[in-house]
Amino acid sequence: MSTQVKSESKNTQPNYENVKAYINQVLGLIEKDHVSTEDAEWITKQTVENFREHVNPGFLEYRKTVTKDTQFAAVEWSDSGSRFKDVNGKEYIDCLGGFGIYNVGHRHPKVVKAVEEQLNRQALHSQDLLDPLRAMLAKILADVTPGDLKYSFFVNSGTEAVEGALKLAKSYSDRTTFIATTRAFHGKSLGSLSGTAKSIFRKPFQPLVNGFRHVQYGDIEMMRKTMEACAITGDDVAAVLLEPIQGEGGIIIPPKDYLKQVRDLCDEFGALLIFDEVQTGMGRSGKMFCAEHYDVVPDIMCLAKAFGGGVMPAGAVVAKEKVFKTWFDNPFIHTTTFGGNPLACAAAIATFNVLIEENLPDRATEVGEYFLQGLKDKALGHEDKVMEIRGKGLMIGIEFHKDEVGYDVSKGMFDEGILVAGTLVNSKTIRIEPPLTIDYKEVDQVIETFGKVLAKVEAK
Numbered sequence: 022m023s024t025q026v027k028s029e030s031k032n033t034q035p036n037y038e039n040v041k042a043y044i045n046q047v048l049g050l051i052e053k054d055h056v057s058t059e060d061a062e063w064i065t066k067q068t069v070e071n072f073r074e075h076v077n078p079g080f081l082e083y084r085k086t087v088t089k090d091t092q093f094a095a096v097e098w099s100d101s102g103s104r105f106k107d108v109n110g111k112e113y114i115d116c117l118g119g120f121g122i123y124n125v126g127h128r129h130p131k132v133v134k135a136v137e138e139q140l141n142r143q144a145l146h147s148q149d150l151l152d153p154l155r156a157m158l159a160k161i162l163a164d165v166t167p168g169d170l171k172y173s174f175f176v177n178s179g180t181e182a183v184e185g186a187l188k189l190a191k192s193y194s195d196r197t198t199f200i201a202t203t204r205a206f207h208g209k210s211l212g213s214l215s216g217t218a219k220s221i222f223r224k225p226f227q228p229l230v231n232g233f234r235h236v237q238y239g240d241i242e243m244m245r246k247t248m249e250a251c252a253i254t255g256d257d258v259a260a261v262l263l264e265p266i267q268g269e270g271g272i273i274i275p276p277k278d279y280l281k282q283v284r285d286l287c288d289e290f291g292a293l294l295i296f297d298e299v300q301t302g303m304g305r306s307g308k309m310f311c312a313e314h315y316d317v318v319p320d321i322m323c324l325a326k327a328f329g330g331g332v333m334p335a336g337a338v339v340a341k342e343k344v345f346k347t348w349f350d351n352p353f354i355h356t357t358t359f360g361g362n363p364l365a366c367a368a369a370i371a372t373f374n375v376l377i378e379e380n381l382p383d384r385a386t387e388v389g390e391y392f393l394q395g396l397k398d399k400a401l402g403h404e405d406k407v408m409e410i411r412g413k414g415l416m417i418g419i420e421f422h423k424d425e426v427g428y429d430v431s432k433g434m435f436d437e438g439i440l441v442a443g444t445l446v447n448s449k450t451i452r453i454e455p456p457l458t459i460d461y462k463e464v465d466q467v468i469e470t471f472g473k474v475l476a477k478v479e480a481k
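Residues 22 to 481 in the numbering used here are what the sequence shown spells out, letter by letter.
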């Protein structure tokens with residue numbers, strides 16, 4: 022026992038000279054345009070060792086980019102457009118997109134330029150004076166979001182956006198019941214996790230926030246009966262929290278008219294409707310916001326992931342005035358130090374410019390239809406492995422009959438230079454979410470690789 026304690030203890034006095042030398046070595050690598058073979062070996066070794074000793078060794082077991090003996094790992098180093106390179110110079114087509122953050126591509130020049138120029142002027146704001154870019158970005162959001170969504174609160178992530186939406190809904194009324202759906206993913210902080218549906222994420226942290234009930238996604242009758250029961254028992258519903266298309270649930274497309282029917286139910290029972298568009302927004306589905314496909318206006322909308330253009334972490338909670346005005350009297354009732362900072366706002370403003378100027382939502386529809394059909398064609402004859410291929414825009418899911426097949430396919434595609442991954446809630450499904458700027462030649466390469474790998478898995 023004493024030996025174990027000793028091995029886990031740290032020296033009481035850090036050796037700052039050693040730390041400084043290590044820092045300088047790392048900073049020197051960051052400055053380099055190109056790394057040598059020796060540099061690459063050192064970076065890989067340090068990355069694997071430090072993940073094991075100081076980040077989380079579980080990642081080394083989980084990542085398909087690490088061999089079983091962890092002697093080799095693919096370590097990403099640079100990116101551009103629809104591709105990234107590992108530290109050894111191997112190039113990959115990115116069809117994971119950082120779980121959906123690279124809608125305008127990796128390091129889009131206009132987004133990088135806006136952030137760099139803002140950085141040269143001011144990185145963060147004083148918190149006391151009025152910061153102009155936050156105001157200007159809020160106006161842009163009011164102009165581009167559906168219906169009468171008007172006021173915005175800026176955050177750093179999708180989880181924070183959902184937290185803000187839940188608090189807004191609680192501020193709006195004295196109701197405390199929320200309805201979410203099965204297969205939902207809304208984040209992993211205690212509030213957002215209460216809306217998330219997967220038990221493996223929830224059980225270790227229960228009890229979560231009180232008042233959440235889950236119903237089957239797409240089952241409008243179950244939603245109605247639950248709202249009726251809540252009204253009878255005095256547990257009236259404050260809000261329904263939904264992803265218009267479930268991302269981590271496995272790219273689940275809602276049944277026809279489902280979202281409109283949910284909107285009608287919310288109006289009937291006096292509940293708010295919250296759309297979590299963290300993954301579906303910013304052009305991903307073929308519209309600027311997925312709600313537009315279904316002609317539905319939520320009371321609150323959550324945005325993040327691609328909101329910062331793949332350059333800055335950024336997100337927003339956008340709400341109707343009737344909801345947001347509950348925060349007018351005390352604007353400090355919900356705050357954030359870094360949310361809406363000048364760099365993030367500059368990135369988001371430039372991102373909207375790119376989405377509109379390059380017509381990326383429409384392009385997502387066009388390229389997505391081509392991509393979807395190509396994948397379906399390659400899956401013909403492999404129905405024993407592939408259950409379904411579905412999607413909208415450039416948000417595509419390939420669902421297999423077994424988790425193991427999905428892993429083998431994603432691993433095989435990675436070995437061929439294509440990055441895909443399973444979804445967090447439905448591991449039988451791998452996602453295809455490339456930058457909306459991906460060109461047809463790259464799409465064809467992904468389709469051909471999928472067919473090649475699927476044939477290998479079938480033979481295996």
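The beta carbon of each residue, even a glycine, is placed where N, CA and C say it ideally should be.
For clarity, every value in this text was computed on a predicted model and none was experimentally measured.
Close Cβ partners of residue i (< 7 Å) along its chain, the five nearest in sequence each way excluded
| i | result |
| --- | --- |
| Met408 | Glu420, Phe421, His422 |
| Leu293 | Ala190, Tyr193, Ala259, Ala260, Cys287, Asp320, Ile321, Val344 |
| Val165 | Met309, Phe373 |
| Val467 | Ile114, Cys116, Ile439 |
As assigned by DSSP and simplified to three states, the class of residue i
| i | result |
| --- | --- |
| Lys326 | helix |
| Glu82 | helix |
| Arg305 | coil |
| Lys413 | strand |
| Phe11 | This structure leaves residue 11 out entirely; the chain is present only between 22 and 481. |
| Ser210 | coil |
| Val474 | helix |
| Thr91 | With a pLDDT of 46 at Thr91, under the threshold of 50, the modelled position of this residue cannot be trusted; read the value that follows with caution. In this structure, Thr91 counts as coil in the three-state DSSP scheme. |
| Val176 | strand |
| Leu150 | coil |
| Met408 | strand |
| Leu229 | coil |
| Leu162 | helix |
Same chain, Cβ closer than 8 Å to residue i, five either side skipped, listed in chain order
| i | result |
| --- | --- |
| Lys281 | Tyr315, Asp316, Val317 |
| Asp115 | Asp100, Ser103, Arg104, Phe105, Tyr123, His127, Leu440, Pro455, Pro456 |
Whole-angstrom C-beta distance between residue j and residue i, which should lie under 8 Å
| i | j | result |
| --- | --- | --- |
| Gly185 | Val338 | 4 Å |
| Arg452 | Ile410 | The pair is not a contact, with the Cβ atoms about 11 Å apart (cut-off 8 Å). |
| Ala369 | Gln139 | Contact doesn't hold; Cβ gap of about 11 Å is too wide. |
| Pro363 | Asp152 | 6 Å |
| Phe233 | Ser220 | With 8 Å as the limit, Phe233 and Ser220 do not qualify as a contact, their Cβ atoms being about 13 Å apart. |
| Ala371 | Ala135 | 4 Å |
| Leu381 | Gly304 | 5 Å |
| Asp266 | Lys413 | The residue asked about is misnamed: residue 266 is Ile in this sequence, not Asp. Indeed they touch by this definition, with Cβ atoms about 6 Å apart. |
| Ala325 | Ser178 | 5 Å |
Close-in-space but distant-in-sequence residues of the same chain around residue i (CB under 6 Å, 5 per side omitted)
| i | result |
| --- | --- |
| Ser448 | Asp424 |
| Glu469 | none |
| Ser173 | Ala159, Leu162, Ala337, Val339 |
| Thr180 | Gly208, Ser210, Ser213 |
| Lys354 | Correcting the residue type first, residue 354 is Ile in the shown sequence and not Lys. For Ile354, where only same-chain residues beyond five positions count, the Cβ hits under 6 Å are Trp348. |
| Glu437 | Thr470 |
Nearest neighbour of residue i, chosen from the options [CA to CA]
| i | options | result |
| --- | --- | --- |
| Asp107 | Val426, Glu62, Asp257, Glu387 | Glu62 |
| Glu463 | Ser103, Glu97, Cys323 | Ser103 |
| Met333 | Gly412, Ala144, Lys111 | Ala144 |
| Leu158 | Gly361, Phe290, Arg196 | Gly361 |
| Phe222 | Lys209, Met244, Val47 | Lys209 |
| Ala201 | Asn351, Arg142, Phe296, Asn39 | Phe296 |
| Ala400 | Leu324, Arg234, Lys473, Glu387 | Lys473 |
| Glu429 | Asp383, Glu404, Glu479, Asp169 | The displayed chain sequence assigns Asp, not Glu, to residue 429. Closest option to Asp429, Cα to Cα, is Glu479. |
| Phe328 | Val125, Thr68, Ala95, Ser57 | Val125 |
| Gly427 | Gly443, Pro352, Arg155, Glu387 | Gly443 |
| Gly239 | Gly255, Ile64, Leu263 | Leu263 |
Counted within 10 angstroms of its Cβ, other Cβ atoms place residue i as buried (16 or more) or exposed
| i | result |
| --- | --- |
| Leu475 | buried |
| Glu52 | exposed |
| Ile44 | exposed |
| Gln300 | buried |
| Phe199 | buried |
| Ala385 | buried |
| Gln227 | exposed |
| Lys481 | exposed |
| Ile439 | buried |
| Ala312 | buried |
| Gln46 | exposed |
| His55 | exposed |
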